[in-house]
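A.B. asks: Below is a structure I'd like to ask you about.
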Amino acid sequence: MISSSSKIILEVRNLSASVAGVGILKGINLTVRAGEVHAIMGPNGSGKSTFSKVLAGHPSYTVTGGEVIFQGKNLLELPPEERAHAGVFLAFQYPIEIPGVSNSAFLRLAYNTLHTRRGGEDLDPLEFNDYIREKSKIVEMDPSFLDRNVNEGFSGGEKKRNEILQMAVLDPTLAILDETDSGLDIDALRIVASGVNRLMTPNNAVIMVTHYQRLLNYITPDFVHVMRGGQIIKTGGKELALELETRGYDWVHA
Amino acid sequence: MSAVMQSIANHDAYLAGLLPTPTTPYEWLNTLRTGAAQRVRTLPFPTTRNEEWRFSDFSLMCKTVFAPAIATPALTLTEIAPFLLPEAANSRVVFVNGIYAAHLSSAVLPAGVVATHFSAMLTNETLRAQLARHATFQHEAFVALNTSHLQEGALIVLSKNTACATPLHLLFISTASTTPVASHPRCLVVAESGSACTFIEDYVCLPTATPSPTYFTNAVTEIVIADDATVRHTRLQRESVAAFHVGYAAVHLGRNSCYSSNSITFGARLSRHNLHITQSAEGANCTLNGLALISGRQMADTHTVMDHTQPNGNSAQLHKCIADGGAHAIFNGKIFVRKDAQHTNSTQSSRNLLLSNKGRIDTKPQLEIFADDVKCAHGATVSQLETEEMFYLNSRGLNANTARNLLIYAFAEEIIDKVPVASLKQHLSHTVSSQMGEIV
Ligand SMILES: Nc1ncnc2c1ncn2[C@@H]1O[C@H](COP(=O)(O)OP(=O)(O)O)[C@@H](O)[C@H]1O
Ligand SMILES: [Mg+2]
């Protein structure tokens with residue numbers, strides 16, 4: 001278990017947000033420290049993806065109250081790309097296809113943009129090729145996927161692996177994984193989970209949004225939160241996930 | 255009022271004001287030119303009241319008096335270096351303001367391949383048999399105007415069963431001049447049976463720096479593809495953004511022939527390109543790709559006609575327009591499948607990206623089928639950059655501008671990727687990405 005003296009990475013206080021004029025998030029509180037894994041579970045429509053997108057800065061969602069402090073910075077005033085530069089990463093529930101852009105060119109552009117912002121050096125295509133081939137092993141991705149267009153024609157599982165590959169390349173301090181486990185068969189689930197485990201360090205943290213307990217068999221959470229109606233209504237340890245698995249969500253009350 | 259001023263006041267007389275003073279040493283040519291000049295005098299200047307010109311208003315050009323080019327400016331190879339293709343180092347025919355430039359051209363070609371200018375060979379049989387036979391001018395004022403000037407142009411001939419591995423580069427350079435110049439470039443490409451070639455028809459401007467020169471290019475190209483022959487045609491219109499460009503290409507397809515066209519439009523203030531393909535024998539294959547990428551006050555209109563008159567023809571067309579700023583892109587693609595053209599397989603897709611709410615895109619696919627046993631599909635979409643795509647890229651650290659440029663680049667790249675000459679493909683990718691602000 002993580003000692004509560006670890007550095008706080010993310011502090012969400014009383015966060016409310018709406019989309020298209022409708023309030024979705026209704027006062028979320030969450031503290032994430034370095035080295036921690038948080039699972040957010042909850043029924044469909046409870047606001048899990050909305051919360052993830054608000055943290056990453058999706059322009060369609062309006063924050064109507066509260067604050068989000070990320071490593072001492074007011075995250076909410078940054079545009080999405082600067083949140084990425086600061087170390088926030090969102091693995092999408094539904095990754096976007098970008099025809100016409102090869103996966104490797106996209107990854108290199110993202111890598112170079114971020115690493116130069118963080119004071120590193122650009123990699124030329126050859127150097128990047130070596131680098132990315134090595135990284136691909138983390139998610140057991142065949143190098144042929146690097147030459148294909150971003151997510152175009154990828155299966156559900158391949159898209160999710162590609163998200164984790166992007167996480168590996170961007171090396172975030174806080175990774176938010178939105179249902180990275182959904183649509184994966186058991187082998188893909190194992191690969192994705194072991195990829196995430198390999199990327200975990202004592203200095204970063206993961207928020208895993210998931211519907212099912214099964215991912216938590218592979219990535220052990222320090223905290224499990226239950227979201228409902230745009231609020232976190234219960235927080236517990238990993239045993240809470242097992243209880244949710246057998247009893248469903250209906251018994252949980254704020 | 256001077257004659258010139260009168261012609262400006264009356265658009266219908268405007269084109270007649272651009273007619274040449276006749277006579278060449280060749281009687282057959284004089285007859286042709288006189289006939290064409292006659293049509294120029296009787297055809298009205300195309301206006302938006304004409305259905306075929308509904309969206310392309312060229313009346314702006316009538317405010318300018320264009321003069322024919324008399325002498326070519328002394329350009330050097332170094333000056334035109336940005337346009338040269340290493341693959342075509344010895345297969346290049348260059349014209350400056352419509353006048354053949356021997357010192358800029360270089361055509362050292364294998365036996366059976368001719369790439370040259372034709373004013374010195376107007377008695378040639380092949381030339382006489384084909385010239386002005388395919389691009390008919392009866393109903394096309396600009397084709398008539400081009401034909402009335404006919405005397406010079408580019409000629410490509412592939413002898414029977416000759417495959418030319420090197421791409422042939424026809425380069426038409428327009429230059430800045432004190433009086434705006436009108437040129438009437440002409441190309442004739444004859445691929446005899448069983449032959450194959452790749453050629454690039456390229457309209458450029460020097461200097462490339464601002465202020466952009468104003469001039470008028472009125473091009474006509476005829477491509478005759480005999481039985482079992484293959485022609486790969488890349489047409490690049492990268493004129494000055496103050497220029498007027500009208501082009502007409504007529505393609506004649508023989509039995510089991512193959513034609514592919516990559517038509518790319520970046521330039522001109524107002525441009526119009528007509529591509530008219532006639533499948534006149536059984537079993538021809540056609541692949542048509544088009545891209546117009548325009549911004550500011552540019553207007554680019556592409557009209558294509560694919561006419562399947564005989565059985566077992568295939569055609570696959572993909573046309574893309576990208577309009578930024580206040581630009582206006584137009585696509586009109588007609589596909590005819592005539593009564594005898596059974597077992598035709600034809601697809602057409604018009605995909606468009608509108609980048610600003612001041613821009614405009616009009617697209618009109620038209621399918622007219624008179625045969626009963628055919629497979630035809632067409633579709634058109636106009637979209638904007640999607641919030642979800644933008645957010646995905648932003649969340650990977652790319653700022654709004656880079657993300658936008660990457661998506662535009664990706665949209666254009668699908669067409670550019672089909673250009674069959676490596677250095678040109680690379681150059682075009684680079685043009686798009688630098689126009690978009692250096693992204694890849
Ligand atoms: N872009 C949107 N427009 C309208 N409603 C939305 C939008 N995004 C989410 N919602 C609504 O917000 C609620 C929460 O959705 P979401 O955050 O996707 O839930 P979860 O990820 O927990 O399934 C749902 O009622 C959903 O319909
Ligand atoms: Mg969700």
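In order, the protein sequence lines correspond to chains B and F. Residues 1 to 254 in the working numbering are what the first sequence spells out, letter by letter. Residues 255 to 694 in the working numbering are what the second sequence spells out, letter by letter. Positions of the beta carbon are idealized from the N, C-alpha and C atoms, including for glycine. Only a predicted model underlies this, so the values are computations on that prediction, with no experimental measurement involved.
Using the C-alpha atoms, what's the distance from residue 548 of chain F back to residue 53 of chain B?
C.D. replies: Here residue 53 of chain B refers to the residue found at position 53 of the first sequence. Here residue 548 of chain F refers to the residue found at position 294 of the second sequence. Each residue's alpha carbon lies about 34 Å from the other.
A.B. asks: Once DSSP output is grouped into helix, strand and coil, what is the label at residue 135 of chain B?
C.D. replies: On the first sequence, residue 135 of chain B is found 135 positions in, with the first residue counted as 1. DSSP places residue 135 of chain B in helix when its eight states are reduced to three.
A.B. asks: Return the Cβ separation of residue 225 of chain B and residue 210 of chain B in integer angstroms, given the expectation that the two are a contact with Cβ distance under 8 Å.
C.D. replies: For this step, residue 225 of chain B is matched to residue 225 along the first sequence. For this step, residue 210 of chain B is matched to residue 210 along the first sequence. Not confirmed; about 11 Å, so no contact.
A.B. asks: Does residue 658 of chain F come within less than 8 Å of chain B when only Cβ atoms are used?
C.D. replies: In the second sequence, the residue the question calls residue 658 of chain F occupies position 404. For residue 658 of chain F, the answer is no, since every Cβ of chain B falls outside 8 Å of its Cβ.
A.B. asks: Determine, using beta carbons only, whether residue 85 of chain B comes closer than 8 Å to chain F.
C.D. replies: The count along the first sequence starts at 1 and reaches residue 85 of chain B at position 85. Yes, its Cβ sits closer than 8 Å to a Cβ of chain F.
A.B. asks: In chain F, what lies closer than 7 Å to residue 58 of chain B by C-beta?
C.D. replies: Start at 1 with the first residue of the first sequence, and residue 58 of chain B comes out as number 58. 645, listed in chain order.
A.B. asks: Quick check on residue 324 of chain F: buried or exposed, where buried means 16 or more other Cβ atoms within 10 Å of its Cβ?
C.D. replies: Start at 1 with the first residue of the second sequence, and residue 324 of chain F comes out as number 70. Classification for residue 324 of chain F: exposed.
A.B. asks: Give a yes or no on whether the C-beta atoms belonging to residue 176 of chain B and residue 207 of chain B are separated by under 8 Å.
C.D. replies: Residue numbering aside, residue 176 of chain B sits at position 176 when the first sequence is read from its first letter. Residue numbering aside, residue 207 of chain B sits at position 207 when the first sequence is read from its first letter. Result yes, Cβ atoms of residue 176 of chain B and residue 207 of chain B sit closer than 8 Å.
A.B. asks: Enumerated in chain order, which unbroken segments of the beta strand (DSSP E) with a length of 3 residues or greater are wholly contained in the segment 567 to 600 of chain F?
C.D. replies: 568 to 577, 582 to 591
A.B. asks: Quick check on residue 466 of chain F - is its C-beta less than 8 Å from some C-beta in chain B?
C.D. replies: Looking up residue 466 of chain F in the second sequence gives position 212. No, its Cβ sits nowhere closer than 8 Å to a Cβ of chain B.
A.B. asks: So for residue 656 of chain F, helix, strand or coil by DSSP?
C.D. replies: Counted from its first residue, the second sequence places residue 656 of chain F at position 402. The answer is helix: DSSP assigns residue 656 of chain F an H, G or I state.
A.B. asks: Hey, is residue 99 of chain B's beta-carbon within less than 8 Å of any beta-carbon in chain F?
C.D. replies: Working through the first sequence from its first residue, we reach residue 99 of chain B at position 99. Yes, contact with chain F.
A.B. asks: Cβ of residue 480 of chain F within 8 Å of Cβ of residue 508 of chain F?
C.D. replies: For this step, residue 480 of chain F is matched to residue 226 along the second sequence. For this step, residue 508 of chain F is matched to residue 254 along the second sequence. Cβ distance < 8 Å, so residue 480 of chain F and residue 508 of chain F count as in contact.
A.B. asks: Can we say the segment 646 to 654 of chain F touches the segment 109 to 126 of chain B, given the rule of at least three CB pairs closer than 8 Å?
C.D. replies: yes
A.B. asks: According to DSSP, simplified to helix, strand and coil, what is residue 7 of chain B?
C.D. replies: Counting from one through the first sequence, the residue named residue 7 of chain B turns up at place 7. Residue 7 of chain B: coil per DSSP, three-state reduction.
A.B. asks: For residue 420 of chain F and residue 330 of chain F, I'd like the C-alpha separation in whole angstroms.
C.D. replies: Counting from one through the second sequence, the residue named residue 420 of chain F turns up at place 166. Counting from one through the second sequence, the residue named residue 330 of chain F turns up at place 76. Rounded to whole angstroms, residue 420 of chain F to residue 330 of chain F spans 23 Å at the Cα level.
A.B. asks: Which same chain residues end up closer than 6 Å to residue 582 of chain F when comparing Cβ atoms and leaving out the 5 residues on each side of it in sequence?
C.D. replies: Reading the second sequence from its first residue, position 328 is the one you call residue 582 of chain F. So the qualifying residues of the chain are 553, 614.
A.B. asks: For residue 440 of chain F, list the residues DSSP reports as bridge partners.
C.D. replies: Counted from its first residue, the second sequence places residue 440 of chain F at position 186. Looking at the DSSP assignment, residue 440 of chain F forms a beta bridge with F/474.
A.B. asks: For residue 169 of chain B, which residues does DSSP report across the bridge?
C.D. replies: Looking up residue 169 of chain B in the first sequence gives position 169. Partner(s): none; residue 169 of chain B has no beta bridge.
A.B. asks: So residue 177 of chain B is in the beta strand (DSSP E); what residue range does that whole segment cover?
C.D. replies: Counted from its first residue, the first sequence places residue 177 of chain B at position 177. It spans 174 to 178 - the beta strand (DSSP E) in which residue 177 of chain B sits, taken as one unbroken run.
A.B. asks: Just the chain B side, please: which residues come within less than 7 Å of residue 641 of chain F by C-beta, in chain order?
C.D. replies: Stepping through the second sequence from its first residue, residue 641 of chain F is reached at position 387. What residue 641 of chain F touches in chain B: 59, 60.
A.B. asks: With three or more beta-carbon pairs closer than 8 Å as the criterion, would you say the segment 488 to 500 of chain F touches the segment 360 to 375 of chain F?
C.D. replies: The answer is no - the segment 360 to 375 of chain F does not touch the segment 488 to 500 of chain F, with fewer than three Cβ pairs under 8 Å.
A.B. asks: Rounded to the nearest angstrom, what separates residue 261 of chain F and residue 318 of chain F at their Cα positions?
C.D. replies: Looking up residue 261 of chain F in the second sequence gives position 7. Looking up residue 318 of chain F in the second sequence gives position 64. With a pLDDT of 42 at residue 261 of chain F, under the threshold of 50, the predicted position of this residue should be treated as unreliable, and no value is reported.
A.B. asks: Nearest chain F C-beta to residue 77 of chain B closer than 8 Å, yes or no?
C.D. replies: Along the first sequence, read from residue 1 onward, the residue named residue 77 of chain B stands at position 77. At a cut-off of 8 Å between beta carbons, residue 77 of chain B makes no contact with chain F.
A.B. asks: Of all residues in the structure, which have a C-beta closer than 7 Å to any heavy atom of ligand 2, taken in chain order?
C.D. replies: Selection output, chain order preserved: B/48, B/49, B/93, B/178, B/179, B/209.
A.B. asks: For residue 602 of chain F, count the other beta carbons within 10 Å of its own beta carbon; 16 or more makes it buried, fewer makes it exposed. Which is it?
C.D. replies: Position 348 of the second sequence holds residue 602 of chain F. Classification of residue 602 of chain F: buried, given that the 10 Å Cβ count is 16 or more.
A.B. asks: Closest Cβ-Cβ distance between residue 652 of chain F and chain B: below 8 Å?
C.D. replies: Here residue 652 of chain F is taken as the residue at index 398 of the second sequence, counted from 1. Yes, residue 652 of chain F lies at the interface with chain B (some Cβ there is under 8 Å from its Cβ).
A.B. asks: Under the three-state reduction of DSSP, which class applies to residue 642 of chain F: helix, strand or coil?
C.D. replies: Translated into the one-based positions of the second sequence, residue 642 of chain F becomes position 388. In this structure, residue 642 of chain F counts as helix in the three-state DSSP scheme.
A.B. asks: Can you tell me whether residue 693 of chain F is buried or exposed, with buried defined as 16 or more other CB within 10 angstroms of its CB?
C.D. replies: Translated into the one-based positions of the second sequence, residue 693 of chain F becomes position 439. A caution first: residue 693 of chain F carries a pLDDT of 40, below 50, which makes its placement in the model too unreliable to give a value.
A.B. asks: So residue 321 of chain F and residue 433 of chain F are in contact, right, with Cβ under 8 Å, and what is the actual spacing, rounded?
C.D. replies: Start at 1 with the first residue of the second sequence, and residue 321 of chain F comes out as number 67. Start at 1 with the first residue of the second sequence, and residue 433 of chain F comes out as number 179. At roughly 5 Å, the Cβ-Cβ gap stays under 8 Å, so residue 321 of chain F and residue 433 of chain F are in contact.
A.B. asks: Taking 8 Å as the CB-CB limit, is residue 246 of chain B close to chain F?
C.D. replies: Indexing the first sequence from 1 puts residue 246 of chain B at position 246. No - not a single Cβ of chain F is within 8 Å of the one on residue 246 of chain B.
A.B. asks: Is residue 619 of chain F helix, strand or coil by DSSP?
C.D. replies: For the purposes of this step, residue 619 of chain F is identified with residue 365 of the second sequence, where counting begins at 1. Looking at residue 619 of chain F - three-state DSSP - the assignment turns out to be strand.
A.B. asks: Distance, Cα to Cα, residue 405 of chain F vs residue 492 of chain F?
C.D. replies: Counting from 1 along the second sequence, the entry for residue 405 of chain F is found at position 151. Counting from 1 along the second sequence, the entry for residue 492 of chain F is found at position 238. Approximately 25 Å, taken between the alpha carbons.
A.B. asks: I'd like to confirm something about residue 45 of chain B: is its beta-carbon nearer than 7 Å to some heavy atom of ligand 1, or not?
C.D. replies: Taking the first residue of the first sequence as 1, we reach residue 45 of chain B at position 45. The closest heavy atom of ligand 1 lies less than 7 Å from the beta carbon of residue 45 of chain B.
A.B. asks: Any idea if residue 633 of chain F is buried or exposed, counting beta-carbon neighbours within 10 angstroms, 16 or more meaning buried?
C.D. replies: Position 379 of the second sequence, counted from the first residue, corresponds to residue 633 of chain F. It counts as exposed.
A.B. asks: In the segment 326 to 387 of chain F, which residue ranges form an unbroken beta strand (DSSP E) of at least 3 residues, counting only runs that do not cross its ends?
C.D. replies: 345 to 350, 367 to 371
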